[in-house]
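Heads up, the thing below is written out as C-alpha cells.
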Amino acid sequence: MSKRYWNQYQKEIADDRYFYERSCIRQSFFPGSEAAFLKILREELGKDIHDDVNQHTCTGIGYHSDVVPFETTMTVVARLFSLMTQAGYENYVPSCVTSFGVFTEIVETWKEQPALLEKTRKLLKETTGREFNIPKNIVHPSDIIYKFRFELRDRMKYRLVNRYTGKPLKVVEHIGCHYAKIFPKHGVGNAEFPYVLAGMIEAWGGEVIDYPERRHCCGFGFRQYLVQQNRGYSLANTQKKFESMQPYEPDFILTNCPGCSMFMDKWQYVIAEMENKTYDKDGYGIPVLTYEELAGLLLGYDPWTLGLQLHQVQSERLMDKIGIPYNKNEKFKGVSGKLLPYPEKPEHLKV
Amino acid sequence: MFHPFVIPFCIGTVALFGIIGIKFTRWIKSLDRKQITIFRQHFLKGMFIPAIKEMLLEGLFHRKVTRFSRRLGFMHRSIALGWFLLIVVGFIEATVNLKGKLHAPWYAIFYRFFEHDQFTASSRVFADIMDALLIYVLIGIGLAVAKSLYAGIMGLRKTSKLKLFDAVLRYSLWLIFPLRLFSESLTACLYKNGGFLTQYLGDLFNPMFASVMELPAWTAYSIALGLFFALMPFSRYMHIFTELLLIFFRKYGVKESEQATGYTKMELSACSRCGICIENCPMDKVLGVDTIQPVYYLRDVRNRVAKRITADNCLMCNQCQSDCPVGIDISSLRKFGRNKQELDTHDNYQYLDKIHSFNAIGRVVYFGGCMSHLTPGIVESMKKIFDAVGQKYWMMDEYRSICCGRPLLQQGFINQAAELRRKNTRLIIESHSKTLVTSCPICYQSFKNEYHLPVRVMHHTEYIAMLMQLGKLKVKPSDLKVAYHDPCELGRGCGIYEEPRRVLRELVQLVPAEREGKDSMCCGYNLGNTCLSLESQMRLRDASWQNLTINHPDQVATACPMCKKAFQHASHNSVKDIAEIVAEHLIQ
Amino acid sequence: MKDKKERPGERRTWSLLPKALRPRIEVQTQEERPVVAIIGAGPAGMEAAIQIARQSCQVLLFEANADLALNLQNKYKLFPDMSDAQTLAQGMMLALEHPLITVYRQTPIKHVVQVENFHWQVFTEDNRVFKATAVLLCTGYEVFDARRKEELGYGIYNGVITSLELENMFKQEHISTLTGDSPKRVVFLQCVGSRDEKVGNRYCSKVCCVTAVKQAIELKRMHPETEVYVFYMDLRMWGKGFEEMYRVAQEQYNIRFVRGRISEAAGTFDGGVQIKAEDTLIGKPLKMRTDLLVLMLGMEASCGTKQLAKSCGIVGDYGFAGSLDPHLNDNHTHRKGLFLAGTCKRPMSLTDVIADARSAAMEIINYLSKQ
Amino acid sequence: MKSFGFSIAKPRSLEIDGESLERLHRLEEKEPSFKRCFNCGGCTATCSAGQFTDFNIRRVHNLYRWGRYQELGEELRKCMLCGKCTLVCPRGVNLRHLIVSMRELLNEL
C-alpha cells in the first residue's frame, strides 16, 4: 500500500543522454562541483552527458528580481533549448535549481498557453534564426545522482559514518525552494516529502535530521540579498534555520541549490562576525556540501580538486570524522602547482 | 547659686535650643517662593494675635484633641499646660525671691535645692501652687502610662507602636516628674521647705536616708531633664515646638505646595503621634491594615525608612486629615511620598492639542467627569435640570473626556497632571463661560483647588442648591426616606456637607446614617488607592453600606459617580445621585 | 436527630398563641400515601410533580404566583428546535391534572421545617401548615437587574431593552423601536450580569449565548433587512444543536458576531443608542449606533430560592441552593428528605431542568420507598 | 564586531522560547489580578485616552505579556489614569495599578 502511494511521489528521470547546462554562480563559488558531476556521470556511471560551449544564463536571478521580463526569459531559455536540439539531446539537465525552476515554469506555461510558445518560437527565430524542441525530460543533476545512488554506493570508498563512534553522521538536508515548491510534481517526493537528498544520505550511511525549520527557505530570496538594506531579512531566515537545527548537532549540511549552499555557508561567517555566534559546539561552523562534492568525497576524489577549500566553513574536521585523507600542504595549491596566498582569517569563526 | 549636678540639665537645654534653632532656620529657609510670598502678604494683616491665640489653644490646651476625646485631651493638656505653668510659676517664684534680679535658668528649675529658707507666707503659697501643678502633671503622666498599657482608657482602639529610641525618650519623660517629686520631698524632709504634698511626703522619709539620697535624686532629675531635652529634637517630642511654628505659619496662609518644602518638614515634625488617625481609618477598621496610617507613615518618612506601599496603600479619603488635632495636611505629605519623578514625563498628551473649545458665552459649562460616562443617569438628569430652568449649557466632555488630572496628581505624577490641567484650563477659558458645573467631586476638588480658573466652579449639588434657593426649580416633595452618603472628595475634601442635605430636605425625608458628614465612610472605590484589590474594595463598600442603611432608608443618595457605582455593583438598586432624585421630583 | 435539635419546641410555641392566630394544620389523610411537597411550579416543579404522582405518591405543588411556569410562558420559541414554549407549558399543565397532584396557586412559602426525622412541615405566608415526607425545592431563578449596570443605559435610554422584553416582543410578533419603526440595526450584548466580578457574579449563566443566537435568528426571520450584531466574549455552544444554530445564524441569516464587550452606551439625538466596545480580534475600539441594544441577562437565584436556602441552611454559591455534590447527589441536600431540582441550584437550560426534575423525582421515590 | 551595513532582522512572529518572562512574573507578583484578564476589550472600549488616540490598553498588556517591550514604547504615557477601565473590568483587574506597575518595570529597561 505505502509503496503504491509513494509511487505517486516519484518523478520520471531519464536514464541516459543528458544535455548539461551549467549554473552562473556555482562556477565561481563551487567550481569543483560541476566538474565532479560530469566526472561521476561519465567515469563512474558511463553516461552520455553533453556540456555545450555555447551555453549561457537562463536569466533566473534577473527574472526573480523583477529585472528581466518574462518574454525575454522565455526567449533566452528557448535559445538554450535550441542548443540542446542542435546537439541532438532531449533530456535537459540544468545544474542550478533556479534554472530548473525557470525551465519547468516556462514549459508548464507553454502547455497552458500555446500562443506564448508560438510567440517565443517567432521571437527566437527573428532574433537568432534558431529553432528548438521542448525537452522531453527536465531533471536536476541531484535527481540523477539520486536515481543512481545505490550504484554509486557500491563504488564508494567511504560511508557517512563517524569512524570514532561508529554511528551514522547526522546530516541536515536542504532542498532549494525552486526545486519542488513551485511545481511539486517535478520533485522527488513532491513538496510534501522531498526525498532527493535524504535518499542519498540514507543510501550512503548517514542519518537525516528532521528539525522544525527543515522546509524553511535558506534566506537567499533574490530581492532580499540583492539590496544591502534588505539583507537583514535574508540573514534572519538563515539564522532561524540554524537556531532550529543547532540542538541536533548536525555534522554537515547537504544542499542541492547554489543559493542555499552559498548562503548557508557564508552567512555563518556573517552571523559569527556580527554576534560572535556559531552553530557548532567548537566554533568552526557547520560545513555545507553540495551533493556532487559529497558524492566525490565518498568516491575518494581529492577534496582540494573538489574545491572544498573555497567554502567559508572548512571541511577538514568532517573529513577526519569520515576518515578521508587529505594533504594539508596542498590545500591552496593552484592548478599551475604554485601555492596561492592564504585567505584572511575571520575574527570569530574558526577555520 | 551653682552646683555641678545641674550640668546635665544645662547641656540638654543648650542642645535643645541650639538644635531647634538650626532646624527651624533650615525649614524656614527652604520654604518655596510661593509660600514666602503668601507669608509676606499676610504678614501685615495683623494675624499675629490670632496666631498666638491658636498656638496657645492648641499647644497648651489641646483643644482639638479634647474635641476628639475629652480624656485624651485632659492627658495631653495636663502634661503640656502643667509643665508650662510649672516653668512660668517657678520662674516667677525665683524672680520674686531674688526681688527681680536676673538669675540663671537652672536656679528656677532647681529652686527648692538652692533655697531652703522658705518660711514667708508668699513662699509657702508658691510652694503649694507648685505642688498642685506637679500633681496636675503627674496625673497626666499617670494617664499616659495607663494609655500605653491599655489604649481603651483614652477612647482609642489602638495606640501607635514605638521604636526603641522613642521608648527611651518616653521613659525619660515619664521619669522627670516623679523624680522632681522625689527630690523635692527629700529636700523638704531635710529643710522643711516643701509645699503641701512634698512636705507631707518628705516627712515620711528618714532624715538620714534623705541626706544621703538628696544629691543623687536631684542629679537623676537633672539627668532625666538633660537627656530628654538633648534627645527631644530627634524624636516625636519635637512636635511640642514644631506645632507652634506650624500653627504660626499656617495662620499666615502658608500651605503645602506641589513639591515638598521646608513647610513639609515642619508638618512631619509636628505630628505628636497621638494615634487619633488610626481610630477612624477605614483601611484599619474594615481591612485590618495597620501599617499605613499617617502616624506610621510620617514616622517612617521622618526616619527615612518609608516603603512605597505605606504611601500607596491609602484611600486618600481624608478621614485622618479631618481628625488630626494638629491639622497636618496628610494627603499632601502622602502625595510627596508617591512622587514618581522618574516616570513623570513631559509632553504626554500632545494628542489633546487638536481639541477645540466651544463658544459658550452665556452658557454654563458642564463637566460630567470621566466616570459620569459610566453613570449616564447622572448626566441625563443634569441635562433635564438645565432644561427645566432654561439654562443653556455646553457639556464639555459629552463625547470624549479629558481627565481633570487629579488621579494622576494623587499618584505622584505632577508634570502629567499639570499638563492635563493646562489643556482643560485652555478649553474652559476659551469657552468664555462664567460658570463651570461638574458632577464629579474629584474633578470639583481639582478645579477648585488645583486649577486657577477665572470662572465660578460648582459641584452640581451646589448648583442645584443655588437654583432651589433662587426658587427656579419647581419640585414636588415626596415622603421617600433617603440617607445621604458624603463622598470623601466632596465632604472632607471640599467641605460641601450642607448643600446636598439642603437639596434633599426639600425633596424627601432625610434619615441619618450611623456616621456621616465629616465622619462619612469611604465607599471603597476612591481613586486615591491603586493597590486595593476588588475584594478589599467590596469589603469597604459593604461596611459603608451598612453604615448608611442603619436606619432603613428607602434609598441612598450620593453625589459622586464613583460612590454610586460602588453601591450599584452590590445587590442594591436603591442608590441614586442627588441630581437623579431632583430630576425625578421635578414638576414638568 | 440533629435536625430535631435545631428547632426545638416548634409546636409548643403555637400552643402559647391564641387560637385564632394558631396555624391551621391541614392534614392530608386520604390514604396512607407518602406526601411530597414541591415548592415552585415552574418546569422543574411541574415535571417532578408529574413523575412523582405517576409513582402513586401524593404531591402538593405550591406556586407563589397565580400562573404556573411564568418564566416559561414568557418565552416565545425554545432553542435549539424552535418549538413553541406555550405548547410545552400547556402540555405540562395538562399532565398536572392528575388525581394525586394538588396545586396551590398564590401560595408563597415562608419556610420549611423538619419536625421529626422523616417529617417536614411546610409553612405558607398565610400561616397554613402542610405535612410532607419529602420536600422538593424548585424555586428557580430570576434574571439579573440590568439597572445595576448603569453604563449600559437600561432604564435611561429607550433603545436599551432586555432579552426578556425582546422575547415579549416576539410573543406579540411585533418588534419596533419606541418611535414605532422597525429597527434597522439591533445589537445583542452577552454576559450582562454573568461573568462579572463587579456585580459579584463570577459564574456563566449558560443559556444566554444560545438565547442570543436564537433571538437573532427570530429577529432576522421577522425583519430580514435588519442588521444584527452579537457582541460576545466567548460563545459557549455547549448543547445539542447549539453549534449548528450558531452556524446557521452566521451563514443563513448573516448575523455578525463581534468579539468584545460593550462597556458604555449613550443616547443619540435621534433616539438610538451609541455603543462603545472593542473589536478585540483586530484590537481597535469600535463605536456603533444602533436602534436597539438587547442585554442578554444572566440568571440569579430567585428571592424564594435565597430565602428558603437560607432558612434551610443549604445556601450554596451566589445565593443559589447548594446540593450535596455535583455528581451523584446533585438532587440531595445535607438535610434528609429535602431535595433540589432545576435552576434553584445554578443556571440551567430548560432541557437540563426537565432532566434534573426527573432525576429528582427518581431520587425522591427511592427515598420514600426506604421509609 | 564587524559592520556589514545591515543587521539581522528580528522576526515579526512571537518567539516565546527565547524571551525572558522575568519581567512578566514580576508584574504578576505586583498585580496578581492581571492574570485574570480574559481579553473582553471593555477597558479599551471605555478608555478616555482611547477616544483621542489609538491607545489600546488591552493590546499594551498583551504585548507586555509576551515581552514585546520595544513595541510598547511610550504607549503607556498616553494614559490619564482616570480609572474608567478599572471600573468596567468584569474580571476585577486592577488596571490602574497595573499601568503604574508596568511603567515602573519598563522604566528599568
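Protein chains in written order, with numbering that gives the first Met the number 0: chain V, 0 to 350; chain Y, 0 to 587; chain E, 0 to 370; chain H, 0 to 108.
Idealized CB from N, CA, C, for every residue including glycine.
Note that the structure is a prediction, hence the values are computed from the model and not measured.
Residue i in three-state terms, based on DSSP
| i | result |
| --- | --- |
| L338(V) | strand |
| T123(E) | strand |
| E43(V) | helix |
| V304(Y) | coil |
| K197(E) | helix |
| D127(Y) | helix |
| R70(Y) | helix |
| T332(E) | coil |
| G113(H) | Nothing in the structure corresponds to residue 113(H), since chain H is present only between 0 and 108. |
| N253(E) | coil |
| V64(Y) | helix |
| N93(H) | coil |
| G266(E) | strand |
| I586(Y) | coil |
| Y245(E) | helix |
| F357(Y) | coil |
| K1(E) | Note on K1(E): pLDDT 40, under 50, position unreliable in the model; the coordinate value appears next. If DSSP states are grouped into helix, strand and coil, K1(E) belongs with the helices. |
| S588(Y) | Lying outside 0 to 587, the shown extent of chain Y, residue 588(Y) is not represented and no answer is given. |
| D576(Y) | strand |
Test item: CB-CB of residue i and residue j under 8 Å
| i | j | result |
| --- | --- | --- |
| I363(E) | A133(E) | yes |
| E150(V) | L44(V) | yes |
| D80(E) | Q72(E) | no |
| A340(E) | L135(E) | yes |
| V227(E) | V185(E) | yes |
| K433(Y) | V454(Y) | yes |
| N330(E) | F319(E) | no |
| R16(V) | D47(V) | yes |
| R162(V) | L298(V) | no |
| P42(E) | L307(E) | no |
Distance between beta carbons of residue j and residue i, contact taken as under 8 Å
| i | j | result |
| --- | --- | --- |
| A215(E) | A264(E) | Rounded, the Cβ-Cβ distance is 19 Å, inconsistent with contact. |
| I208(V) | P249(V) | 5 Å |
| P193(V) | I174(V) | 5 Å |
| I254(E) | K213(E) | Not quite, the Cβ-Cβ distance comes to about 11 Å (not below 8 Å), so this is no contact. |
| V294(Y) | I277(Y) | 6 Å |
| T244(E) | V293(E) | This sequence places Met at residue 244(E); Thr is not what is there. In fact, because the Cβ distance is near 17 Å, the residues do not count as touching under 8 Å. |
Segment limits, alpha helix (DSSP H) that includes residue i
| i | result |
| --- | --- |
| W105(Y) | P104 to I108 |
| W26(Y) | I6 to K28 |
| W173(Y) | L163 to Y190 |
| F42(Y) | R32 to F42 |
Start-to-end residues for the beta strand (DSSP E) that takes in residue i
| i | result |
| --- | --- |
| F51(H) | Run containing F51(H): none; DSSP gives neither H nor E here. |
| D278(E) | V272 to D278 |
Distance cut-off 7 Å: residue i Cβ against heavy atoms of the ligand SAH
| i | result |
| --- | --- |
| E70(H) | Ligands in the displayed structure: none, and consequently the ligand SAH is not present. |
- With 8 Å as the C-beta to C-beta threshold (strictly closer), list the residues of the segment 180-207 of chain E near chain Y in chain order. Cβ contacts with chain Y: E196, K197, V198 and G199.
- Item | chain H contacts from the segment 247-275 of chain Y (Cβ-Cβ distance under 8 Å) | Of all residues in the segment 247-275 of chain Y, none has a Cβ within less than 8 Å of some Cβ in chain H.
- Closer than 7 Å, Cβ to Cβ, to anything on chain H: give me those residues from the segment 31-42 of chain Y, in chain order. Against chain H - using a Cβ distance shorter than 7 Å - the segment 31-42 of chain Y contributes no residues.
- Task: Anything in the segment 13-30 of chain H with a Cβ closer than 8 Å to a Cβ of chain Y? List those residues in chain order, please.
- Result: Per Cβ criterion, the list is empty.
- Task: Mind checking the segment 254-288 of chain E against chain H and listing, in chain order, the residues whose C-beta falls within less than 8 Å of any C-beta there?
- Result: Against chain H - using a Cβ distance shorter than 8 Å - the residues of the segment 254-288 of chain E are R258, G259, R260, I261, S262, E263, K275, A276, E277, D278, T279, G282, K283, P284 and L285.
- Name, going along the chain, the residues of the segment 137-170 of chain E whose beta-carbon falls closer than 7 Å to a beta-carbon of chain Y. Cβ contacts with chain Y: D144, R146, R147, E149, E150, G152 and I155.
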